[in-house]
Amino acid sequence: MTLTLNDLNEILNDADCLVNEHTLNLALDKMAAQITADLADKLPLVLCVMNGGLVPTAALIERLNFPLELDYIHATRYGMETEGAALNWLSYPQSSLKDRHILVIDDIFDQGHTLQAIIKWLEQQDTSSVHSATVINKLHDRKTDIVPDYIGTDVADRFLFGYGMDYKGYFRNLKGIYAIKGS
Ligand SMILES: O=P(O)(O)OC[C@H]1O[C@H](OP(=O)(O)OP(=O)(O)O)[C@H](O)[C@@H]1O
Ligand code: HPA
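Everything in the sequence shown is counted per UniProt numbering, starting at 1 for the first residue and increasing by one.
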């Protein structure tokens, strides 16, 4: 079904804002301070997990006042769906990863399969260290057994959008975190 502008406005009007811009900014400041304490002297390579990681990566790196490099990895398992499937690797980083301290940034740690697969792959690339950061941790007991090193805030087990996360491709550009009505 193709979504119209009216459909999208209705979805947004009916949605619940779970985390507002102010709260997100405070969470990002705290994450940036923790990352700085760990990585400021490591010349890290930051890897944005596209597409959802785009907004949080931009927000975090502007808070990191030390030298770093930036690249991206593109792996997706939800596509236009609200249920995750097998991870589809679309693009690998172009930078050399050997002996680098890596910081992976994504929007959400949901079940953790995406981050787990990325970390596992990075650990096979002779990196010096791998740290990971997600702005959102969705609260439920269906997780893999990894935990991101830096988490912004916990959010209820509903279908979320905004701040990098999409609903059927839309709403990544919203400044807060929203949940679909009834999810
Ligand atoms: O913890 P998980 O259950 O693996 O889910 C988290 C992943 O799902 C989303 O990506 P998605 O596959 O929707 O691709 P996108 O970033 O392009 O939206 C999100 O950006 C994370 O990468
Ligand atoms: O709740 C979600 N919303 C959007 N994208 C996602 N990817 C994993 N979980 C979610």
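Cβ atoms here follow ideal geometry from the backbone N, Cα and C, with glycine treated the same way. From a predicted model like this one, the values you see are computed outputs, not experimental measurements.
Residue from the options with nearest C-alpha to residue i
i: V49; options: A27, V135, C17, R63; result: V135
i: V46; options: Y92, I11, H101; result: H101
i: A58; options: F161, L28, E123; result: L28
i: V155; options: E69, D110, T144; result: D110
i: N19; options: G182, G176, K181, S183; result: Going by the sequence as given, residue 19 is Val instead of Asn. For the residues G182, G176, K181, S183, the minimum Cα distance to V19 belongs to G176.
First and last residue of the uninterrupted beta strand (DSSP E) at residue i
i: residue 196; result: Past the boundaries of the shown model lies residue 196; the chain is included only from 1 to 183, so the question cannot be answered.
i: H74; result: 69 to 76
i: I19; result: Residue identity differs from the one stated: residue 19 is Val in this sequence, not Ile. Residues 16 to 19.
i: K138; result: 129 to 138
i: D106; result: 101 to 109
Spatial distance of residue i from residue j (CA atoms)
i: D38; j: T127; result: 16 angstroms
i: H22; j: K138; result: 19 angstroms
i: N6; j: L12; result: 10 angstroms
i: S95; j: D16; result: 40 angstroms
i: N25; j: L54; result: 16 angstroms
i: A179; j: L3; result: 18 angstroms
Boundaries of the alpha helix (DSSP H) in which residue i is found, first to last residue
i: I118; result: 113 to 123
i: V49; result: No alpha helix (DSSP H) contains V49, which is instead part of the beta strand (DSSP E) from 45 to 50.
i: T57; result: 54 to 61
Spatial neighbours of residue i in its chain, beta-carbon cut-off 6 angstroms, leaving aside the 5 residues before and after
i: N88; result: T76
Residues near residue i by beta carbon distance below 8 angstroms, same chain, minus five either side
i: I35; result: L60, L64, L103, H131, A133, Y150
i: I119; result: V104, V130, S132, I146
Same chain only: Cβ atoms within 7 angstroms of residue i, ignoring 5 sequence neighbours per side
i: M165; result: G52, D107, I108, R172
i: H140; result: D157
i: Y92; result: I73
i: F66; result: T36, A40
i: T144; result: Q111, G112, H113, Q116
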